[in-house]
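One structure is given here, and the rest of the page talks about it.
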Amino acid sequence: WFCHFDDDNYVNVPRLVSLLNEYSPTMEWYLGKPSVASPLEIYLEYKKRKISEARVKFWFATGGAGFCISRALALKMLPIAGGGKFMGIGDRIRFPDDVTMGFVIEHLLRVPLTVVDQFHSHLEPMAYIGVDTFENQVSFSYGKNKNEWNVININGFDKKTDPTRYHSLHCHLFPQYCKR
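All residue numbers for the sequence shown refer to the working numbering, where the first residue is 3 and numbers rise by one.
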């Protein structure tokens, strides 16, 4: 398995391992969660062909929530995206890495995104995730918009000490590692 999470994600590693054990790494899997309500639609220009534009629709797992690809899928991607080709594709379609990953996997390789609702990005309201479900979630995120934080709602450390709420979350999930 190859999993990507942003540096501002909290990853519940035991839950991630449990989730990955539900899928075979010898099959082609693209696990994650989209941040948009419908597939992304982009237009590609083909200069070498007589087609001036081609409309392409595909889902992508937002990097802000994290995503995982199986070994089988990673090996299938090598001829298309290996050896620096991935960056070239991203430059060609003019989108960031998570969108480029979805383009390669869903559009070029025709492997669908398997949506895992337990991946969470800062683009969704974190306060809606119930504290009673935290142990079942794979990833958490946070964000700050002007003076308002988008964080999980959890008791624990004060918000000045723990503005992201990750320390409080960690102590909730793994109380044996936290002194109170």
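C-beta: ideal position from N, C-alpha, C; glycine also.
Among F62, Y144 and C70, nearest to E110 - alpha-carbon criterion:
According to the sequence displayed, residue 110 carries Leu and not Glu. In terms of CA proximity to L110, F62 leads the group F62, Y144 and C70.
Which residue wins for smallest C-alpha separation from F4, given the options L77, D10, L125 and I82?
Ranking L77, D10, L125 and I82 by CA distance to the CA of F4 puts L77 first.
C70 - containing beta strand (DSSP E), residue span:
Here the beta strand (DSSP E) through C70 covers F69 to I71.
Just checking my contact of F159 with S170 at CB under 8 Å: how many whole Å lie between their CB atoms?
Between the beta-carbon of F159 and that of S170 there is about 5 Å, and that keeps the pair under the 8 Å contact cut.
What do you reckon, are the CB atoms on I131 and I95 nearer than 8 Å?
Taking 8 Å as the Cβ cut-off, I131 and I95 do not qualify as a contacting pair.
Figure out for me which residue from P81, N147, K146 and F121 has the closest Cα to the Cα of T184.
No answer is possible for residue 184: it lies beyond the span of the chain, which begins at 3 and ends at 182.
Option nearest D119 by Cα separation, candidates P98, S37, S26 and A83
Among P98, S37, S26 and A83, the Cα nearest to that of D119 belongs to S37.
Check V137 in the structure and name its three-state DSSP category.
With the sequence shown as reference, residue 137 is identified as Glu, and Val is not the correct amino acid for it. Helix, per DSSP.
Taking a contact to mean a Cβ-Cβ separation below 8 Å, would you say G68 touches N14 in this structure?
The answer is no: Cβ separation not under 8 Å.
Thinking C-alpha only, which one of G66, T28 and Y25 is nearest M128?
Among G66, T28 and Y25, the Cα nearest to that of M128 is on G66.
Can you give, in chain order, each stretch of the alpha helix (DSSP H) that sits fully within the segment 89-122 and has at least 4 residues?
DSSP assignment within the segment 89-122 yields the following whole alpha helix (DSSP H) runs of 4 residues or more, N-terminal first: 99-104.
P162 versus W151: straight-line alpha-carbon distance, rounded
Here residue 162 turns out to be Lys, not Pro, going by the sequence shown. When rounded, the distance between both Cα atoms is 12 Å.
V19 lies in the alpha helix (DSSP H); which residues open and close that run?
Annotation for V19: the continuous alpha helix (DSSP H) segment containing it runs V15 to L22.
Nearest-angstrom Cα separation, counted from H172 out to T166:
Their backbone Cα atoms lie some 11 Å apart in a straight line.
Apart from the five residues just before and just after D8, which ones in its own chain have a Cβ nearer than 8 Å to its Cβ?
Excluding sequence neighbours, D8 sits near G65, G66, G68 and S143.
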